[in-house]
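In the working numbering, the protein residues as written are 19 to 273. C-beta: ideal position from N, C-alpha, C; glycine also. Remember, predicted model here, so these are calculated numbers, not experimental data. Working notes, beginning with the structure itself.
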């Protein structure tokens, strides 16, 4: 490949970053470890990872105090990484486009492009004239987008991301992704680390669940983020409604 390792690692680190795919259980050190072990060379390789690849991986490194320390992937770390990667498949198309790391395509530009071209297939077919007709898109951005999609490697990448079920189009109505939450009702409260509250509610509906505004004895779960209101906590406890975390919720989806 014409890309040297630091550029590949940089692309991967951008892809997993908070404002992009927010795969928060992977950081710079872990990305480097996966790369050095030959497990990831491209963004799409993340979605091929499984327990067998990760469990037991080890790396020794020198910490700031000069001591040699060891980083190893135990079962809990491995599960957290795979759960985060799986959850990122629900990240909306505008954030995924930003995550691809196309030069000059920041968060705002990614939103504008996905509004004008509501699927990646439409964006890939757009010519320069169509691109610069979009508000705030000038020659420089248009040429960068054209250059990215002119590369056969980008086509292979998009194809692999599609096959892994990532969001490569704008979903206007709720698209059913599974029925694992069918018959279950949720009250969502507090602040979450991986998704916004609205995104969590949409994910519940995409998997057949129902959002309700207030807690009753019929509520299946209270999905609690940080800073959940004490009154809701008290009511859920009093009525015996199970209180689950964002991690518990994401694990429900992957069962």
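Between residue 217 and residue 138, the C-beta gap is not smaller than 8 Å, which leaves the two residues out of contact.
Straight-line measurement puts the Cα of residue 230 at about 47 Å from the Cα of residue 24. A residue is called buried when at least 16 other Cβ atoms come within 10 angstroms of its Cβ; residue 41 meets this threshold and is buried.
Counting along the chain, residue 94 sits inside no beta strand (DSSP E); it lies in the alpha helix (DSSP H) bounded by residues 93-105.
Rounded to whole angstroms, the Cβ separation of residue 96 and residue 73 is 5 Å, and the two are in contact under 8 Å. Ranking 51, 92 and 68 by CA distance to the CA of residue 78 puts 51 first. In the three-state DSSP reduction, residue 51 falls in the helix class (H, G or I). Listed as beta-bridge partners of residue 204 by DSSP are 229 and 239. The residue from 141, 246 and 146 with its alpha-carbon nearest to that of residue 173 is 141.
In the displayed model, residue 187 falls within a strand according to three-state DSSP. In this structure, the CA atom of residue 158 is about 8 Å from the CA atom of residue 122. In this structure, the beta-carbon distance from residue 240 to residue 250 falls below 8 Å.
In the structure shown, residue 209 adopts extended strand secondary structure according to DSSP, grouped into three states. A check of alpha carbon separations from residue 91 across 60, 205 and 47 identifies 47 as the nearest. Boundaries of the beta strand (DSSP E) harbouring residue 90: 86-90, taken from the DSSP string.
Nearest to residue 214 by C-alpha distance, out of 243, 54, 196 and 136, is 243. Below 8 Å, enough C-beta pairs join the stretch 104-124 and the stretch 26-44 to call them touching: three or more.
Taken through DSSP and simplified to helix, strand or coil, residue 122 comes out as coil. When DSSP states are grouped into helix, strand and coil, residue 66 belongs to the helix group. Each of 49, 61 and 43 was checked against the Cα of residue 184, and the nearest Cα belongs to 61.
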